[in-house]
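A.B. asks:
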Amino acid sequence: MSDFKERIAAELTAARSRSIAYTDAEDDLLVRQHSPLMSPLVWDLAHVGNYEELWVLRQAGGIAPLRPEIDDMYDAFRHPRADRPSLPVLGPGEARHYIGGVRGRVLDVLDEIDLHGPDPLHRDGFVFGLVIQHEHQHDETMLATLQLSGQAGLVRDGDLPPAGPPGPAEVFVPPGSFVMGTATRPWAYDNERPAHRVELPGYWIDRLPVGNRAYADFVEDGGYDDPRWWSGEGLHWLRHSRAFAPLFWRRDGGRWWRTRFGRTEPVPMDEPVQHVCWYEADAYARWAGRRLPTEAEWERACGWDAEAERALLHPWGDDAPGPGRANLGHRAARPAPLGAFPAGASPCGTEQMIGDVWEWTGSWFLPYPGFRSFPYPEYSEVFFDSRHRVLRGGSWASDPAVVRTTFRNWDRPARRQIFSGFRCARSARPEEG
Ligand SMILES: [Fe+2]
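For the sequence shown, numbering that gives the first Met the number 0 assigns the number 0 to the initial residue and increments by one for each residue that follows.
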């Protein structure tokens, strides 16, 4: 096998070992639905294998269906998450057997396939990138499900660096144009394409994500009781949800506590806030006299090297993320303290844009000019409905394979079971340039 194919095989194995680790539990935990927002874990497990079968074995490899009768159950578009527990899905043992069988054949296809042929599905291993990223994304979803379930044993404290020294609260990005999206990253999704020039006026953006201390100040200042800070839809959400603080927080004995994978601990005030929805992020920003950055502002601050006139793969350049640059891949089960990665700074000086927490932006998830769906409209296109907000940058639970400056995630503005936080921005005054 070529070096490239060996790398693909290693990435496939890495994704699978996460899926196996997160489903190494009693059958009852795997088949139960822990929240109507989430699938039973056993559904995710067989779904990643079914997706791999559809794309690598059938589409790329031309192999006949192994179990055509199960396709319908694992089609995410035919069955919303809330309905999945009522499906006659494969049990845990059967699911493991099925995905293992698929994987064996996938490695055979990898061995034989020409990754340099004209088929865009094969070229540069796109179809393998598709299933590797898809599995990691489901692994992150499984972690969110496990957090909701209260399941213990997933806390990893890791070896995260301490909080960094004090620095400027925000950085200035001068007016100018930059290239948004990509034409060249071989495993980028259709929604990241095509690359296109975007002109932006000058703006200020926070150097770091909003931390728990600052967020607790908002809560303690009566932020959740003051309609001035909330959008109309946000107020509706607030009344309906009765939220009073980030998800998994509670107040006891004059301090804030959080529950993390079944463990209750004081809220670490020097970490980025997580488990807030878009409405909460938007309200906080208004309270702070700021706003959320647009998606373009976020991407420019994260990945544009203005001096070289070049978009970077990561804020620090094109090198892979190392442990000193970002908190990714569930090395710890929490965001790293604020300022922990000065070596991960972007050219304009923002930090922690990659890893730690997904960051809500002010933008709806919409196509870039010239968008073409590939390889299927249900990946992105059906979500271009102005009901989903864009999140950027990946979280502590995201694998490096799914993290780059152009990567776009999206969700409903009310969702907060995901590992989501935010940073703020503001437009520059005319005299600031
Ligand atoms: Fe999926």
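Even for Gly, the Cβ is constructed at its ideal location relative to N, Cα and C. Computed from a predicted structure; not experimentally measured.
Cutting at 6 angstroms between CB atoms, please list the residues of its own chain near Pro-185, excluding the five before and the five after it.
C.D. replies: Asp-123
A.B. asks: On a Cα-Cα basis, can you pick out the residue from Pro-193, Leu-207, Gly-152 that is closest to Ala-168?
C.D. replies: It is Leu-207.
A.B. asks: Might you give, ordered along the chain, the residues of its own chain that have their beta carbon closer than 7 angstroms to the beta carbon of Thr-361, omitting 5 neighbours on each side?
C.D. replies: The question names Thr, yet the displayed sequence has Gly at residue 361. Arg-290, Leu-291, Pro-292, Thr-293.
A.B. asks: Where do the N-terminal and C-terminal ends of the beta strand (DSSP E) with Ala-251 fall, by residue?
C.D. replies: Here the sequence assigns Asp to residue 251, which means Ala is not the residue at that position. Residues 248-251.
A.B. asks: Which word fits Pro-39, buried or exposed, when buried means at least 16 other C-beta atoms lie within 10 angstroms of its C-beta?
C.D. replies: buried
A.B. asks: Could you tell me the distance, in whole angstroms, from the CA atom of Ser-18 to the CA atom of Leu-28?
C.D. replies: Distance from the CA of Ser-18 to the CA of Leu-28, rounded to the nearest whole angstrom, comes to 15 angstroms.
A.B. asks: Counting along the chain, where does the alpha helix (DSSP H) carrying Thr-144 start and finish?
C.D. replies: 125-148
A.B. asks: Kindly give me the distance between the Cβ atoms of Val-126 and Val-55, rounded to whole angstroms, as I take these residues to be in contact under 8 angstroms.
C.D. replies: So it is a contact: roughly 6 angstroms between Cβ atoms.
A.B. asks: Of the choices Ser-345, Pro-322, His-329, whose alpha-carbon is the least far from that of Glu-306?
C.D. replies: Out of Ser-345, Pro-322, His-329, Ser-345 has the C-alpha closest to the C-alpha of Glu-306.
A.B. asks: Would you mind working out which of Val-108, Asp-23, Tyr-50 sits nearest Glu-62, comparing C-alpha positions?
C.D. replies: Before going on, a small fix: residue 62 reads as Ile here, not Glu. Among Val-108, Asp-23, Tyr-50, the Cα nearest to that of Ile-62 is on Val-108.
A.B. asks: Check Ile-69 in the structure and name its three-state DSSP category.
C.D. replies: DSSP places Ile-69 in the helix class (H, G or I) of the three-state scheme.
A.B. asks: For the region 232-241 against the region 195-205, are there 3 or more C-beta pairs whose distance is under 8 angstroms?
C.D. replies: Counting Cβ pairs under 8 angstroms, fewer than three are found: no touch.
A.B. asks: Ordered along the chain, which non-local residues of its own chain (more than five positions away) have a Cβ less than 7 angstroms from that of Ala-280?
C.D. replies: Leu-291, Trp-359, Phe-421.
A.B. asks: Taking DSSP as the reference, what is the three-state secondary structure of Pro-429?
C.D. replies: In this structure, Pro-429 counts as helix in the three-state DSSP scheme.
A.B. asks: Hey, which unbroken runs of the beta strand (DSSP E) at 3 residues or more fall wholly within the region 311-389?
C.D. replies: 357-363
A.B. asks: Assess contact between the region 367-376 and the region 135-153, defined as three or more Cβ pairs (one per stretch) separated by less than 8 angstroms. Is contact present?
C.D. replies: no
A.B. asks: Considering only the alpha carbon of each residue, which of Arg-330, Pro-173, Pro-174, Arg-192 lies closest to Thr-181?
C.D. replies: Arg-192
A.B. asks: Using 10 angstroms around the beta-carbon of Thr-405, count the other beta-carbons present and answer buried if the total reaches 16, otherwise exposed.
C.D. replies: buried
A.B. asks: I'd like to know whether the C-beta atoms of Asn-211 and Val-266 end up nearer to each other than 7 angstroms.
C.D. replies: yes
A.B. asks: Which same chain residues, not among the five before or five after Trp-42, have their C-beta less than 7 angstroms away from its C-beta?
C.D. replies: Spatial neighbours of Trp-42 in its own chain (CB-CB distance under 7 angstroms, excluding positions within 5 residues in sequence) are listed in chain order as Arg-83, Val-88.
A.B. asks: Let's test the definition: count the other Cβ atoms within 10 Å of the Cβ of Phe-243 and tell me whether it reaches 16, buried, or not, exposed.
C.D. replies: exposed
A.B. asks: Helix, strand or coil for Phe-217, going by three-state DSSP, please let me know.
C.D. replies: helix
A.B. asks: Does the distance from the C-beta atom of Leu-159 to that of Ala-335 stay below 7 angstroms?
C.D. replies: yes
A.B. asks: In three-state terms, what does DSSP make of Thr-12?
C.D. replies: helix
A.B. asks: Using a Cβ-Cβ cutoff of less than 8 angstroms, which residues in the same chain neighbour Asp-110 once the five nearest sequence positions on both sides are dropped?
C.D. replies: Met-0, Lys-4
A.B. asks: CB of Ala-396 to nearest heavy atom of ligand 1: below 6 angstroms?
C.D. replies: no
A.B. asks: Grab the span of the alpha helix (DSSP H) containing Gly-231 for me, first residue to last.
C.D. replies: 231-240
A.B. asks: Below 6 angstroms, is the gap between the Cβ of Ala-319 and the nearest heavy atom of ligand 1?
C.D. replies: no
A.B. asks: With a threshold of 6 angstroms (Cβ to nearest heavy atom), would Pro-164 be considered close to ligand 3?
C.D. replies: The model on display carries ligand 1 but not ligand 3.
A.B. asks: Can you find a C-beta in chain B that's less than 7 angstroms from the C-beta of Ala-14?
C.D. replies: Considering every chain present, this structure includes no chain B. It has just one protein chain.
A.B. asks: Using the three-state DSSP reduction, which class does Gly-222 fall into: helix, strand or coil?
C.D. replies: helix
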